[in-house]
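Asks: What follows is a single structure, and I will ask about it in a moment.
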Amino acid sequence: MKERSDDNPSTPEQVTERIWELAEKIDICMFTTWDGDQQRSRPLSARVSRQEHAIYFLVDEEGHKNEQVDKFPTVSLAWADNSGHKYVVIAGKAAVSNDRGKISDLWSNWDKAWWEDANDPSIRLLTVTPEDGELWDSPNAVVAGAKMLMAVVTGGAPEMGDNAKVDL
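Quick note: to get my numbering, add 45 to the position in the sequence shown (first position is 1).
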């Protein structure tokens, strides 16, 4: 990986920190499972906890993703900040549980869009334990726009920032 300025990660530890930071900041990710025939993706709100080395989701007890996770626990999570040209993918193992204490801890007012309150018996906790992550990080939107414009003018491919993969 190329050397980077102080704002951009250059060591595996900095890349790891940036992956966790962006996953928490962006919030909504595409949660991808495998059903035995093909991948299935859906947007979910991620509750990121680096201290617990976990990413949590509140989900309904109904739904194919729960069955898919039970049969094929390896999942992929993808976050995109298109305006800033920043992208994160985390792969890991997922499990669905009925941990009422953790569900209550994670509950927010936004969850009222799907359930009345944290005591709704249909809420389940989906926990992902990250195994590896990948980061695409551009310095900022102005620089990215200028690089894309230059690529159009010159006919070359733009250098949009570094890509790095780390074990989590």
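The beta carbon of each residue, even a glycine, is placed where N, CA and C say it ideally should be.
Quick caveat, the model's predicted, so the values are computed rather than measured.
(1) With a CB to CB cut of under 7 Å and the five nearest residues on each side skipped, what residues in its chain are close to D156?
(2) Count the other CB atoms within 10 Å of the CB of R85; is the residue buried (16 or more) or exposed (fewer)?
(3) Can you name, in chain order, every residue of its own chain whose Cβ lies under 6 Å from the Cβ of D42, other than the five neighbours on each side?
(4) Using the Cβ count rule (16 or more neighbours within 10 Å means buried), how would you classify G178?
(5) Would W152 pass as a contact of A139 if the rule is Cβ separation under 8 Å?
(6) Let me know if T225 comes out buried or exposed under the rule of 16 or more other beta-carbons within 10 Å of its beta-carbon.
(7) Is it true that the CB of S90 sits closer than 8 Å to the CB of I73?
(8) First and last residue of the beta strand (DSSP E) that includes W124?
(9) Measure the beta-carbon distance from E106 to R169 and round it to whole angstroms, keeping in mind my assumption that it falls under 8 Å.
(10) DSSP state of L67, grouped into three classes?
Replies: With the given structure in hand:
(1) Answer for D156: L103, listed in chain order.
(2) exposed
(3) This structure cannot settle anything about residue 42, because the visible part of the chain is limited to 46 through 213.
(4) buried
(5) no
(6) With the chain running from 46 to 213 in the structure shown, residue 225 is simply not present.
(7) yes
(8) 119 to 126
(9) With a Cβ gap of about 5 Å, E106 and R169 count as contacting.
(10) helix
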